[in-house]
Every structure is written in C-alpha cells, then in structure tokens.
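Visitor: Just passing along the structure, written as structure tokens.
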Amino acid sequence: MKPSAFRYHAPTSLAEALDALDEVGHDGKVLAGGQSLIPMLNMRLAAPAHLVDINGVAELSYVRTDPGGVAVGALARHAEVEADAAAHAVV
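Counted the way my numbering counts, the sequence shown spans residues 2 to 92.
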C-alpha cells in the first residue's frame, strides 16, 4: 500500500524546522530516522497532511560531553555515540 498524499517540508536549520512545525501544527509529523513512521505511512496507520523531514538540520546531530554528563542530539546516529571516546569516559 502507498501512503496518503502529504506536503513535504525539508528544513535545513533548526529555526526553519521550528517554523515549519509551528505552521503545520497537529497536521504534521516529524521524519528523522523513519524506522517507525515510514511503515505506518505505508500501511496508512498514519496520514499526516504534512511531513517535516529534519534530516537536513545539522544542529541536531551532535554528541557533547561535560563533567555533568553526555548530551546526544536528536539526529546523532548510534555509531557516532558509540565512537565518541569522551562520551564513554563520562558514562
């Protein structure tokens, strides 16, 4: 099955992403990894009017460490976290 029609948004900054999400409100869904959303779209269990793809928002892809802990951005990949020696030292 194919998903219902939706309007695709591809922001490239955090500000653009927040603006898009504010504009679409509850009629939109965020696409990051897509492992759960894409199957739901294909089975039509989710039918958003708007899809906001945040994969182009570099500001959300980070692993930061400080004495208080580790901060992992929404788009940080598991491999990046695993490879970060500073994160291992803190945890």
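Cβ atoms here follow ideal geometry from the backbone N, Cα and C, with glycine treated the same way. Given the structure is predicted, the values throughout are model-derived calculations rather than measurements.
(1) When the Cα of Gly57 is compared with those of Ser37, Ser5, Ala6 and Leu76, which residue comes out closest?
(2) Go ahead and label Gly29 buried or exposed: buried means 16 or more other beta carbons lie within 10 angstroms of its beta carbon, across all protein chains shown.
(3) Just confirm the distance between the C-beta atoms of Phe7 and Ala50, as a whole number of angstroms; I'd bet it's less than 8 Å.
(4) Curious, which full-length alpha helix (DSSP H) runs of at least 4 residues does the region 18 to 71 contain?
(5) Do Leu52 and Leu22 have their C-beta atoms within less than 9 Å of each other?
Guide: Quick look at the numbers:
(1) Among Ser37, Ser5, Ala6 and Leu76, the Cα nearest to that of Gly57 is on Leu76.
(2) Buried, by the Cβ-count rule.
(3) Their Cβ separation, rounded to whole angstroms, is 6 Å, which keeps Phe7 and Ala50 in contact under 8 Å.
(4) Segments of the alpha helix (DSSP H) lying fully in the region 18 to 71: 38 to 43.
(5) Not closer than 9 Å, so no.
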